[in-house]
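Colleague: One structure, as structure tokens, below. Some questions next.
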Amino acid sequence: MQALVIVGHGSHLNPGSSRPTFSHADTIRETGVFDEVREAFWKEEPSFREVLRTLESDEVYVVPLFISEGYFTEQVIPRELRLEGWDVSEWESGDGVSADHATLEASDVEKTVHYCGPAGTHDSMSDVIVRRAESVTGDPEVGDGFGLAVVGHGTERNENSAKAIHYHTERIRESGRFDEAKALFMDEEPEVDDVTEFFSAPDVVVVPLFIADGFHTQEDIPEDMGLTDDYRTGYDVPTEVDGHRIWYSGAVGTESLMADVVLERAAEAGADVGAAIERVRDAETGVAGD
Amino acid sequence: MNAPQLDALVASAPEGIEFDGLSVAASGEESYTVGIDGGSREVDEAGLREFAEENPWFVSNWYYWTRVVGDANARYDFLRWVEGADGRSVEERYEALSTGTGRTWGQLHVVASLGGDGERRYALRHVDDADASDLETYEDPLAARELVKHDDRGRYRPLSTAPTLPTGWEYPDLDGRDLVRTVDFIYPATVANWHREREGELDVSHFRETAERQSGIYEIVEGLSVEELEAAAEACCVDSQCLRRRMWDEDDETELDVPRGDGEFPCREPCSVFITAARKFVTLGREDTQTYEFELTPTEKEQVEEIVDAVAEGRTDEIREADLNEGANRYRARYLRARRMDEEGLSGTPTYPEDQEL
């Protein structure tokens, strides 16, 4: 038997914080490729501490629904799951964006745990960002005449947080899909407040690289960009700001294609996922499967 | 009992069966010793089938537990507990199951009853809804996650075992696997930890050990004194706040005085809500006390105490709008504020002396 555990942050205050985790878990459950699929959280239940004991499977694939490598994925999650002998070097990621997976035993259960790098740094996350731009504009061909801003939190506490944002922005820029692509931040330069200064394209899609919609993505960023003076009164998509049309998408983590990234992570760690990746991708991108 | 159950029994007879009072043992080529509750007689295969036909409950009971539920794990143990398998004979159980037999798990009411051919079906609802009839019905265990996210007053429930489980819903017809899944979505990990406790394998992480493990902004919870820990447990870990039975203490040697609670399922370590609260309590404990002097009437002093009590017990919503005899009545509190508090605070007494640097 094989199980998938998607671990998210969760919140004591915001009931919406765990929804993306639930929703991607449900998408993967429906594929039937795992005997068990379970969600676990730092701030909700089941906690990281107790999730493994609720499973009957012997092989467990753990995928963190986090944006970047860092404090949570390197210290908190492995410690709380009691992954014996964990050392971050097992991920062989020196650059903050290349974590793959490590196989360990948890000390409180007789199970083999395949601990995967975060969903947010996986290459296919770039596709989810692009997919987000397609869904918010309603245009599957979106790109020409458009700029793309990938927005991160930015913080001095974790330098890897910005690396993930730069990594995907660079990949999308290289793909040539958009006229321009730029990484912007809430708490460091270049700041999302000045979004229109960084683009010459008339239309700009703004995708925050956050897992869940909450305070930052629903309140701070729309107000910072000048979409609205007060988030409670809402804003249009697109909204005209300084001669640009801003297509603000909300948190990328709520995009249904994220389930595909989670599956990719588990498959690379050795999970038998059959054709589930293609099936989920086709279903979530509206491409007819055969 | 149905034909596949009977055939399964015959197929298993050569290896022998010993289950809930039913015994079948091979005693030679196609000859068996069979019995119920220790009785015994010798039969051939036709006689074995006849014996099974005479005791259909025992056969379907054996089949349900060994073939449908399967391995003796947490799920098995929980389902056995639901129908009281430990203290009741098969006949007593089938009698009870025929009309439904119930158990309480936190604020959940679980009823087991007989399904087709001796299999079991389970119904799940809030214990306060045990006799209710107009409940919203659900089938999908996954729906439970959203169902219990807010209490009946619409407030988000970050602690799944808080005694604020919403009412008004039911799962009228679950199989054993889905029952356990649903319970696990409502009270995560409670079945697993309860099972471990019954097996004598509950792994408890006491407060000091849990605090030492913390990092980042939670590192400081190590600084909680034992007195503060007692107060914190009294604030967070009693039956009125959480239905788990606290099994952890300060450490291996130092038990806390706070009652452990009467819950069915154990709490094996301080949870994330407790650690978050503990962090706040540590920072509160860093402040020195200060002597203040201000005037209140005796009734006003009592009123302040009543307000603290009402908030601590979550009773403010129960206090009637026009009940001016309640100290925590809103009009009374507003009157107290109008009379005794100004920009300096209570009775015009500043919180910080003028010469104190902030």
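For the protein sequence lines, the chains are A and B, in the order given. 273 is the number of the first residue of the first sequence in my numbering; add one for each residue after it. 94 is the number of the first residue of the second sequence in my numbering; add one for each residue after it. For every residue, glycine included, the Cβ atom is placed at its ideal position computed from N, Cα and C.
Checking contacts by CB at 9 Å: is A:ARG326 closer than that to chain B?
Modeller: Here residue 326 of chain A is taken as the residue at index 54 of the first sequence, counted from 1. The question names Arg, but residue 326 of chain A is Thr in the sequence shown. With 9 Å as the cut-off, A:THR326 counts as an interface residue toward chain B.
Colleague: On the premise that A:ALA421 lies in contact with A:VAL478, defined as a C-beta separation below 8 Å, what is that separation, rounded to the nearest angstrom?
Modeller: Start at 1 with the first residue of the first sequence, and residue 478 of chain A comes out as number 206. Start at 1 with the first residue of the first sequence, and residue 421 of chain A comes out as number 149. Yes, A:VAL478 and A:ALA421 are in contact; Cβ-Cβ is about 5 Å, under 8 Å.
Colleague: Alpha carbon to alpha carbon, what distance is there between B:ASP137 and B:LEU252?
Modeller: Within the second sequence, the letter at position 159 stands for residue 252 of chain B. Within the second sequence, the letter at position 44 stands for residue 137 of chain B. Taking the straight line joining both Cα atoms gives about 59 Å.
Colleague: Is any beta-carbon of chain D found at less than 9 Å from that of B:VAL284?
Modeller: Chain labels in this structure do not include chain D; the protein chains are A and B.
Colleague: Measure how close the beta-carbons of A:GLY214 and A:SER289 come, nearest whole angstrom, since I'm counting them as under 8 Å.
Modeller: As shown, chain A starts at 273 and ends at 562. That puts residue 214 of chain A outside it, with no answer to give.
Colleague: So, helix, strand or coil for A:HIS296, using DSSP?
Modeller: Numbered from its first residue, the first sequence carries residue 296 of chain A at position 24. In this structure, A:HIS296 counts as helix in the three-state DSSP scheme.
Colleague: Mind checking B:ASP130: buried by the 16 CB within 10 Å criterion, or exposed?
Modeller: For the purposes of this step, residue 130 of chain B is taken as residue 37 along the second sequence, with counting starting at 1. Per the 10 Å Cβ criterion, exposed.
Colleague: Would you call the segment 274-288 of chain B in contact with the segment 250-265 of chain B, where contact means no fewer than 3 C-beta pairs closer than 8 Å?
Modeller: Contact between the segment 274-288 of chain B and the segment 250-265 of chain B is established, with three or more Cβ pairs separated by less than 8 Å.
Colleague: Can you name, in chain order, every residue of its own chain whose Cβ lies under 7 Å from the Cβ of A:THR293, other than the five neighbours on each side?
Modeller: Against the first sequence, residue 293 of chain A aligns to sequence position 21. Around A:THR293, the same chain offers ILE278, GLY280, GLU311, LEU337 as residues with beta carbons nearer than 7 Å, after the five sequence neighbours per side are excluded.
Colleague: Hey, which unbroken runs of the alpha helix (DSSP H) at 4 residues or more fall wholly within the segment 162-208 of chain B?
Modeller: 167-175, 183-192
Colleague: Using 8 Å as the Cβ pair cut-off and three pairs as the minimum, do the segment 351-358 of chain B and the segment 319-335 of chain B touch?
Modeller: Output reads yes: the segment 319-335 of chain B touches the segment 351-358 of chain B.
Colleague: Does B:PRO281 get closer than 9 Å to chain A when you measure Cβ to Cβ?
Modeller: Sequence index remark: in the second sequence, residue 281 of chain B carries index 188 (1-based). It does: the Cβ of B:PRO281 has a partner Cβ on chain A nearer than 9 Å.
Colleague: Tell me which same chain residues have a C-beta within less than 7 Å of the C-beta of A:ASP562, skipping the five on either side of it?
Modeller: As a working mapping, residue 562 of chain A is identified with position 290 in the first sequence. Because A:ASP562 sits at a pLDDT of 40, beneath the cut-off of 50, its placement in the model cannot be relied upon, and the point is left open.
Colleague: If A:GLY419 and A:ALA473 are in contact, beta carbons under 8 Å, what's the gap, nearest whole angstrom?
Modeller: As a position in the first sequence, residue 419 of chain A is number 147, starting the count at 1. As a position in the first sequence, residue 473 of chain A is number 201, starting the count at 1. A:GLY419 to A:ALA473, Cβ: 4 Å. Contact.
Colleague: Round the Cβ separation of A:HIS373 and A:GLU540 to the nearest angstrom and send it over; I've been treating them as touching at under 8 Å.
Modeller: Your numbering for residue 373 of chain A matches position 101 in the first sequence. Your numbering for residue 540 of chain A matches position 268 in the first sequence. Rounded, the Cβ-Cβ distance is 6 Å, consistent with contact.
Colleague: Cα separation between A:ALA436 and A:GLU377?
Modeller: Within the first sequence, numbered from 1, the residue matching residue 436 of chain A stands at position 164. Within the first sequence, numbered from 1, the residue matching residue 377 of chain A stands at position 105. Computed Cα separation, rounded: 28 Å.
Colleague: Only counting the same chain, and skipping five residues up and downstream in sequence, which positions put a Cβ closer than 7 Å to that of B:GLU375?
Modeller: For the purposes of this step, residue 375 of chain B is identified with residue 282 of the second sequence, where counting begins at 1. In the sequence as presented, Glu is not what sits at residue 375 of chain B; that position holds Val. Counting only Cβ-Cβ distances below 7 Å, and skipping sequence neighbours, we find ILE313, VAL314, GLY316, LEU317.
Colleague: Between the Cα of B:SER365 and those of A:LYS315, A:GLY546, A:GLU460, A:TRP519, spot the shortest distance and give me the residue it belongs to.
Modeller: As a first step, residue 365 of chain B is located in the second sequence; it is residue number 272 there, counting from the start. Of A:LYS315, A:GLY546, A:GLU460, A:TRP519, the residue nearest in Cα terms is A:LYS315.
Colleague: In or out: A:LEU285 buried (at least 16 other Cβ within 10 Å) or exposed?
Modeller: For the purposes of this step, residue 285 of chain A is identified with residue 13 of the first sequence, where counting begins at 1. A:LEU285 comes out exposed.
Colleague: Would you report the Cα separation of B:GLY109 and B:ALA139, rounded to the nearest angstrom?
Modeller: Position 16 of the second sequence, counted from the start, is the residue given in the question as residue 109 of chain B. Position 46 of the second sequence, counted from the start, is the residue given in the question as residue 139 of chain B. Taking the straight line from one Cα to the other gives about 17 Å.
Colleague: For B:SER206 and B:PRO359, I'd like the C-alpha separation in whole angstroms.
Modeller: Along the second sequence, one-based indexing puts residue 206 of chain B at 113. Along the second sequence, one-based indexing puts residue 359 of chain B at 266. About 27 Å.
Colleague: Going by CA-CA distance only, name the one from A:ASP544, A:LEU324, A:ASP492 that's closest to A:TYR520.
Modeller: Indexing the first sequence from 1 puts residue 520 of chain A at position 248. The shortest C-alpha separation from A:TYR520 is found at A:ASP492.
Colleague: What residue range is occupied by the uninterrupted beta strand (DSSP E) comprising B:GLN383?
Modeller: Here the question's residue 383 of chain B lines up with position 290 in the second sequence. Segment: none, B:GLN383 is in no beta strand (DSSP E) and carries neither H nor E.
Colleague: Using the three-state DSSP reduction, which class does A:PHE306 fall into: helix, strand or coil?
Modeller: Against the first sequence, residue 306 of chain A aligns to sequence position 34. Three-state result, A:PHE306: coil.
Colleague: Which class does B:CYS329 belong to by DSSP, given the choice of helix, strand or coil?
Modeller: Counting from 1 along the second sequence, the entry for residue 329 of chain B is found at position 236. B:CYS329: helix per DSSP, three-state reduction.
Colleague: Can you pull the chain A neighbours of B:CYS364, defined as C-beta to C-beta under 9 Å?
Modeller: Position 271 of the second sequence holds residue 364 of chain B. Residues of chain A passing the Cβ test: GLU317, SER319, ARG321.
Colleague: What in chain B is Cβ-close to A:ASP574, meaning under 8 Å?
Modeller: Nothing about residue 574 of chain A can be reported from this structure: the residues present for chain A run from 273 to 562 only.
Colleague: Taking the Cβ atom as the reference point for each residue, do B:ALA371 and B:GLN396 lie within a distance shorter than 9 Å?
Modeller: Sequence index remark: in the second sequence, residue 371 of chain B carries index 278 (1-based). Sequence index remark: in the second sequence, residue 396 of chain B carries index 303 (1-based). Taking 9 Å as the Cβ cut-off, B:ALA371 and B:GLN396 do not qualify as a contacting pair.
Colleague: Using a Cβ cut-off of 9 Å (strictly closer), state whether B:PHE367 contacts chain A.
Modeller: Indexing the second sequence from 1 puts residue 367 of chain B at position 274. For B:PHE367, the answer is no, since every Cβ of chain A falls outside 9 Å of its Cβ.
Colleague: Nearest chain A C-beta to B:ASN166 closer than 9 Å, yes or no?
Modeller: Reading the second sequence from its first residue, position 73 is the one you call residue 166 of chain B. Yes, because at least one Cβ of chain A sits closer than 9 Å to the Cβ of B:ASN166.
Colleague: Using CA atoms only, rank isn't needed, just tell me which of B:GLY407, B:THR390, B:SER440 is closest to B:ARG246.
Modeller: Here the question's residue 246 of chain B lines up with position 153 in the second sequence. Minimum Cα distance to B:ARG246 is reached at B:GLY407.
Colleague: In the DSSP output, which residue or residues are listed as bridge partners for B:MET434?
Modeller: As a position in the second sequence, residue 434 of chain B is number 341, starting the count at 1. B:LEU439.
Colleague: For B:GLY128, list the residues DSSP reports as bridge partners.
Modeller: Position 35 of the second sequence holds residue 128 of chain B. Per DSSP, B:SER116.
Colleague: With a Cβ-Cβ cutoff of 9 Å, do A:SER398 and A:SER447 count as a contact?
Modeller: What you label residue 398 of chain A is simply residue 126 of the first sequence in a count that begins at 1. What you label residue 447 of chain A is simply residue 175 of the first sequence in a count that begins at 1. Contact: yes.
Colleague: Grouping DSSP H, G and I as helix and E and B as strand, with all else coil, what is A:HIS473?
Modeller: Translated into positions along the first sequence, residue 473 of chain A becomes position 201. Strictly speaking, residue 473 of chain A in this sequence is Ala, with His absent from that position. Correct three-state label for A:ALA473: coil.
Colleague: I'd like to know if A:ALA560 contacts chain B, where contact means its C-beta is closer than 9 Å to some C-beta of that chain.
Modeller: Within the first sequence, numbered from 1, the residue matching residue 560 of chain A stands at position 288. Note on A:ALA560: pLDDT 48, under 50, position unreliable in the model; no value is reported.
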